[in-house]
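Numbering (UniProt numbering), first residue to last: 1 to 831.
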DNA sequence: CGCTCGTCCATTTTT
DNA sequence: TGGACGAGCG
C-alpha cells in the first residue's frame, strides 16, 4: 500500500500549495475555507481528509449530505480534481439531482462534467459506450422488472417449470438474487445440486433467460450493474479508461449496496493497468490480490463512502451490510470518521430512536444526540379502524397547518403502499392537499408501457418482446397464431422478428392480416426515419415527441381509444398526451437527447414527478421511500404487528431487525414533531382483521410519549366514536354532511363514546399494550342469540360471518338498528 | 380472434 | 377489495 499512501500524501499536500494562490479569497486562507464554516470537527475532517479510502459513518440527520457536497466542492475548489474526474453515486435519482444542485450552489459552473448519478444510470452510460465490446449494441433496451417478469413468465411456460415449483415470481427473484451476487447460470450450475430436477430446470431457465436478453439486446436492472462488472473484468483496457478518468469516487448510502455494486466500486478503484486478465464468467468469487503498481500515477482512485448500518433497509434485495461493516478490512488504511451529532431532530425523538435501535444486537453502539433540547413529546394515537386513524392524521395536519406549519413540511409514512388508500380517501374528504411520493404508477400503466414499447420497437429492432407487445395493440387482428407464424418464418429465414414484418407478403397469412402487418411495418419505418436519421446526423430535439406522436396516431392507438367507449379510455388518452408532454419537456432539457436517452430516463427514473416539488401538499410515502428525507412533522402510521414488523419478515433471518431499522429510519425523519399511530382493526384483502400494537412501540420509553388515545382506550368501555365520523363536527368545519354513520355502513361500526376519559394519561396503559386489548376469547354466537352491547344496548344476532379472530356478528339492535361487530373485541356479552 | 365473464389469486419494501 | 388470468362463447 505504499503507492496508496504516497498518493494520499501527494493529494494531501496539494491544498496547501494551491492555497497560496487562492485568488479572490482572502490571502492565506484555504480556498475551501468557507466550505468548512459551521462544521463540527468530525464533519470538517470528513470534508478535508485526503487519502485512498474514507468511510464516513453518518448517523441519521448528522449532516451527511452537506458533508458530502462540501467534500466534492472542496475537491473542485482546490483544483485537486477536475469535475470530470469525480464520480458520485447516490441511491436515487432525486438524491443525485439534489446533490448536483447543492454542489453547483457552492462552486457554480465548474460542477459541470461531474458524474453524479445512481449506480444504474452510471452503468447505463458506461454500457452505452462499451456495449459493442461484448455482443450488444448501444441501442440496448433496459428491461424493468415488469418486462423481465413477462419474459420469465414466457420461459417458465415453455419449460413447464411450474411443475417444479418454479413460479415466475420465484424464478425472477432467484435470478435477481444470483445476479446481485454476480453469479451466472454456469457458475450457479457448478455449485448447485444438479441431481435435483428442479435445480436443473432452474439452471435451464436462467440460461435461457440470459440468452433471450442477449438476443433482444437488452439488460435487466441487475444486469446493468453485473454486466458492467463483467465488462471491466473481461476487458481490463476498458476498465482502465474509467479508472483513469475517475480519480475521486464517492458513494452515498453505502450500507445499501449489494455485492455487484460493491464489486463495481472495487473494480473502479483498482490501480490502473494492473489487471491480470480475469477468467471470463468467473462469477461469484472475487480475489483482490494486492496489485504491485509501483507507479504512483497508476494508483487507484480515492474512495469515499458514506453510510449508516442502522439505516440499512434493503437487505431483501441483496444489500449486504458487510460492505460497510468490513470496509476497513477491504480497504486497509481507510480512515473512519464518525458523525453522531444530529442537527435535525429534538432530543425526545432521538432518544426514542436510540432506544428502538438499541434492541438490535450485533451493532456498533452509536447514540445520536443534539443540543437543541428535548422538544415536544411524541404523540401516540390509536384509531378504531384505519379510517379513524387516517382522520386523526388529517385532523392533526390541519391543526399543525393552523399553527403556521406548511403542508410541505409534513409527511405521512406507512409500511406498505396499500395503506395509502385509506389515507387518501380521508385526505380527499377532508380537503387536505397531499401528494403520494414514489410508487408512481404512471410508467406502469398499460397504455404508457405500450407507447414506450413502440419507441423501443423503433430504437432497438432486436427487442422482440417490445414488438410482440405492440404488434396487436391496438387490435389489428394479429393473434397468437399469426405471431407464431411470423416467429417461425423469422427463424427459418434466419432474420429477426422485426425484419420478418417487412416481408409480410412472404408469411403466408391472409390478406387482411398481411395488410395490417405491412402497415405496422411502414409506421415503424417512418418513425425510425424521424428519430434515427440514417446518416449519422443528429435528430432534431423534437424528434422523440414527434416520433411518438406519429406512432400513436398512425399506429391507430389514439383512434382505437377514441372509438372505444370504455370509461377509462379517456384517461388513457390523457395519459398518453402526458407522455408526449414528458417527451417535449425532455427535449427542452436535453436538446441533444435521443430516443435512447429518453427511454433510459423513463426506465431509470421511477417517479419522474418526484422532481416536481411537493410544495403546498403533505407528502405520503412508504418508509422505504422516506429514507434520506426530513420533515418538521412526521406521522408514522400503521405501527402494528404484522405491518411493522411486517409479517413476511418474521420468518426471514434478520427480518425483524431490518424492520426495526425501517422504523428507526421513519422516526429519525422528524425534526420537531413525531406521531405514531395505529388502528385496532384493519381491513385488508376485503377482510377485517384485528391488529395488535407493534412490539416496537414498547421499546420507546414511556415518558417520551403522550397517548392521545392509547390502544387501551379504544376497546375498554367507552371507546370513542370514530373520529372519522365526528371530527369534522368537533373542529367546527362545515363539513359535517358526509359524516353520518352511513358512510361507514359497510364498515364495522365504531364504538360510540359514552364517557370521555382524560386523554394522555400514560400510566394506565404503560405500553403494556397488547394486554389491554379487549378480548372476548372464543365467544360463540349464533343467529338468534341475544346480546348486550355496552353502548348499543340489547340486540339480536342475525348472522355470523368470518372465522377465528375475524368473526363478525350482524346484529339488529332494538334501538340502535343493524350493526356489524367484530366478535372478538366488541364490548358485548351474551345474554 | 376478441370479448366477457368468472374465478382465482395475491397482496413488502424498489433502482 | 380489486387486479390478473383463463375458459368459454359470439
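All residues carry an ideal CB built from backbone N, CA and C; glycine is no exception.
For residue i, list the residues DSSP reports as bridge partners.
i           : result
residue 684 : 687
residue 248 : 86 and 302
residue 410 : 633
Within the same chain, show all residues whose beta-carbon is closer than 6 Å to that of residue i, passing over the 5 residues directly before and after it, in chain order.
i           : result
residue 35  : 70, 73 and 74
residue 828 : 787 and 789
residue 117 : 96
residue 742 : Caution is warranted here: a pLDDT of 29 is assigned to residue 742, below 50, making its placement in the model unreliable, and no coordinate value can be reported.
residue 208 : 155
Between which two residues does the alpha helix (DSSP H) carrying residue i extend?
i           : result
residue 465 : 464-470
residue 482 : 480-493
residue 176 : 168-180
residue 391 : 386-402
residue 259 : 259-268
residue 637 : Unbroken run through residue 637: none, as it is neither H nor E.
residue 593 : Here residue 593 belongs to no alpha helix (DSSP H), and DSSP marks it neither H nor E.
residue 666 : 655-667
On the criterion of 16 or more Cβ atoms from any shown chain inside 10 Å, does residue i qualify as buried, or is it exposed?
i           : result
residue 88  : buried
residue 648 : exposed
residue 589 : exposed
residue 236 : buried
residue 194 : exposed
residue 64  : buried
residue 504 : buried
residue 568 : exposed
residue 495 : exposed
residue 179 : buried
residue 227 : buried
residue 818 : exposed
residue 246 : buried
residue 813 : buried
residue 336 : exposed
Beta-carbon within less than 8 Å of residue i's beta-carbon, same chain only, minus the 5 sequence neighbours each way: which residues are those?
i           : result
residue 785 : 796, 797, 830 and 831
residue 800 : 781, 782, 783, 807, 808, 809, 810 and 823
residue 320 : 257, 258, 259 and 262
residue 415 : 622, 623, 638, 643, 644, 646 and 662
Taking 7 Å as the limit between beta carbons, can you name the residues of its chain near residue i, skipping five residues before and five after?
i           : result
residue 513 : 477, 478 and 482
residue 538 : 592
residue 110 : 76 and 83
residue 404 : none
Using only the alpha-carbon positions, how far apart do residue i and residue j sit?
i           : j           : result
residue 299 : residue 270 : 7 Å
residue 332 : residue 370 : 32 Å
residue 480 : residue 571 : 28 Å
residue 472 : residue 517 : 9 Å
residue 679 : residue 449 : 37 Å
residue 470 : residue 524 : 11 Å
residue 507 : residue 263 : 48 Å
residue 257 : residue 322 : 9 Å
residue 576 : residue 49  : 50 Å
residue 45  : residue 312 : 24 Å
residue 222 : residue 92  : 15 Å
residue 123 : residue 623 : 27 Å
residue 33  : residue 254 : 27 Å
residue 171 : residue 466 : 21 Å
residue 816 : residue 793 : 8 Å
residue 652 : residue 438 : 26 Å
residue 750 : residue 707 : Because the pLDDT of residue 750 is 37, which lies under 50, any placement of that residue in the model is unreliable, and the number read from its coordinates should be weighed accordingly. Roughly 19 Å separates the two Cα atoms.
residue 353 : residue 372 : 16 Å
Can you give me the start and stop residues for the beta strand (DSSP E) that residue i sits inside?
i           : result
residue 787 : 786-789
residue 809 : 808-813
residue 562 : Where residue 562 is concerned, there is no enclosing beta strand (DSSP E), although the alpha helix (DSSP H) it sits in stretches over 557-563.
residue 434 : 434-436
residue 676 : 670-679
residue 219 : 218-220
residue 549 : Looking at the DSSP string, residue 549 is not in any beta strand (DSSP E); the run it does join, the alpha helix (DSSP H), is 543-554.
residue 66  : Note, residue 66: premise wrong, no beta strand (DSSP E); alpha helix (DSSP H) at 64-77.
residue 646 : Element bounds for residue 646: n/a, residue is neither H nor E.
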